[in-house]
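S.K.: Residue numbers (our numbering): 166 to 461.
Quick one: this structure, given as structure tokens, is what I'll be asking you about.
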Amino acid sequence: MLIRKFLFFKKSSLIIIIAFFSIQKQLIGEEKKIKIIAEEVQMHSFYEVIKIDPKAPPKKEDPKNPVEPVDPNAPPKIVGSDVEIVTRILKKLKIPFEVEIVKWNELVPMIKEGKADIALGIQKSVLLKKYAYFPRTSLRTRNYIFHRLKTEIGDSETLSYEEAVAKNLIVGIVVGFTYPKEFWDFYPYENLQLNRLLYETKDYKDNIIKLKQNKIDLFIADRERTSALLKKLGAEETVFQYRNVLYWRDYYCVFPNKAQYPNKEKLLSQFERELYKMKEKDEIPVINEMWIEKGF
166 MLIRKFLFFK KSSLIIIIAF FSIQKQLIGE EKKIKIIAEE VQMHSFYEVI KIDPKAPPKK
226 EDPKNPVEPV DPNAPPKIVG SDVEIVTRIL KKLKIPFEVE IVKWNELVPM IKEGKADIAL
286 GIQKSVLLKK YAYFPRTSLR TRNYIFHRLK TEIGDSETLS YEEAVAKNLI VGIVVGFTYP
346 KEFWDFYPYE NLQLNRLLYE TKDYKDNIIK LKQNKIDLFI ADRERTSALL KKLGAEETVF
406 QYRNVLYWRD YYCVFPNKAQ YPNKEKLLSQ FERELYKMKE KDEIPVINEM WIEKGF
């Protein structure tokens, strides 16, 4: 009887041990992925569209660098400068992750509620600083300046809002774009109508066209994207970029306070260190410039 009980106990213990290691193996295999969310923004976080020219001759495959076959049924890949910077770091740290595109009206609540581990392309604000950690290093900076025809600049390489208003210069602004309070302080609405010194345009390219047509005297745009666009359009020699920055915007990857990722403090420390290294090596501006050029 004792022998039978001993054998039963031994068998039960063995089953428990096997079950324990099986569960541990499963947990390791199903390591929690970092959930990254971002709004769809061209050049920075968007669905990749692979354009295939049916008339183009087939390319000869390099045996040293074989091209991976494209699965037409595979879900579209999420790419962009913000995505590349963050995923490079996570791959280096050997941390699994997944990226999801969400709408802006979903993004902020998800940050507040901790429904994601990282959110991309976020501007620092008093509101969001209460709900998320902002690293010291940003993913990208946009420096906004005046642009003008080179034939009109005269001797000065700087131009302020005050000077532009005093000279009655017409400024092109993009419809739907957000401009800061200091801009509207100089160009307030007049009788519920757009200020007489403002002219609405469709996009940056339209700004350049309107400038050449003398429909506007200036336009405001960020130096980073406009430099690439002027180069592409061959307008570098005709359009001048003023030296002084009117305002700038920094965009960060943030870590929601309520996110439940394991070893969160360790992740923050490692991530911030790697992000700073990329900045010091000038990798961040190179990545941003590459995606801007691709975008145009």
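Ideal Cβ positions, reconstructed from N, Cα and C, are used throughout, including at glycine.
Being a predicted model, the structure only gives us computed values, none of them experimental.
#1: Under 8 Å between the Cβ atoms of Ala203 and Ile266?
#2: Would Phe420 and Leu433 be called neighbours here (beta carbons separated by less than 8 Å)?
#3: What are the boundary residues of the alpha helix (DSSP H) that Ala284 is part of?
#4: With DSSP as the reference, label Ser303 as helix, strand or coil.
#5: If you count every other CB in all the chains shown that lies within 10 Å of the CB of Asn372, and 16 or more means buried, which is it?
#6: Do you know offhand how far Leu383's Cα is from Pro450's?
#7: Counting only the same chain and skipping the five closest in sequence on each side, list residues whose C-beta sits under 8 Å from that of Gln191.
#8: Just to confirm before moving on: does the CB-CB distance between Ile338 and Ile374 stay below 8 Å?
#9: What does the alpha-carbon distance come out to for the pair Glu401 and Asp282?
#10: Can you list, in chain order, the residues of its chain with a C-beta nearer than 6 Å to that of Tyr309? Leave out the 5 residues immediately preceding and following it.
#11: Just tell me which of Lys242, Ile260, Ile250, Glu389 has its CA closest to the CA of Tyr426.
#12: Taking C-alpha atoms, which residue in Tyr212, Lys256, Ser246, Val248 lies nearest to Pro240?
#13: Just to confirm, are Leu285 and Val244 a CB contact at a threshold of 8 Å?
#14: So, helix, strand or coil for Leu440, using DSSP?
#15: Look at Lys289 and Asp415 and say whether their C-beta atoms are less than 8 Å apart.
#16: Less than 8 Å between the C-beta atoms of Ala297 and Asn422, yes or no?
#17: Buried or exposed for Ile215, going by 16 or more other Cβ atoms inside 10 Å?
#18: Can you give me the Cβ contacts of Ala424 inside the same chain, cut-off strictly under 6 Å, excluding the 5 residues immediately before and after it?
#19: Is DSSP giving Tyr417 helix, strand or coil here?
#20: For Tyr407 and Phe262, which I take to be in contact (beta-carbon distance under 8 Å), what is that distance rounded to the nearest angstrom?
#21: Going by DSSP, name the residue or residues bridged to Gly337.
#22: With H, G and I counted as helix, E and B as strand and the rest as coil, what does DSSP make of Tyr352?
#23: Alpha carbon to alpha carbon, what distance is there between Asp350 and Leu395?
#24: Determine the contact status of Ile201 and Val273, defining contact as a CB-CB distance below 8 Å.
#25: Considering only their Cβ atoms, is the gap separating Tyr369 from Thr391 smaller than 8 Å?
#26: Mapping DSSP to helix, strand and coil, what is Phe186?
#27: Exposed or buried, Arg313, counting other C-beta atoms within 10 Å across all chains shown (16 or more means buried)?
#28: Label Leu324 either buried or exposed according to how many other C-beta atoms from any shown protein chain fall within 10 Å of its C-beta, with 16 as the threshold for buried.
#29: Using DSSP's beta-bridge definition, name the partner residues of Tyr212.
M.R.: From the atom records:
#1: yes
#2: yes
#3: Premise fails: Ala284 lies in the beta strand (DSSP E), 283 to 287, not in any alpha helix (DSSP H).
#4: coil
#5: buried
#6: 27 Å
#7: Because the pLDDT at Gln191 is just 44, under 50, the model does not fix this residue reliably, and the value given afterwards should be weighed accordingly. Taken in chain order, the list of residues that qualify is empty.
#8: no
#9: 42 Å
#10: Ile385, Asp387, Leu411, Tyr412
#11: Ile260
#12: Tyr212
#13: no
#14: helix
#15: yes
#16: yes
#17: exposed
#18: Gly279, Asp282
#19: strand
#20: In fact, because the Cβ distance is near 40 Å, the residues do not count as touching under 8 Å.
#21: Tyr364, Phe384
#22: coil
#23: 29 Å
#24: no
#25: yes
#26: Residue confidence is low: Phe186 scores 46 on pLDDT, short of 50, so the model does not pin down where it sits. Its coordinate-derived value is still stated next. In the structure shown, Phe186 sits in a helix (DSSP, three-state: H, G or I).
#27: buried
#28: buried
#29: Ile243
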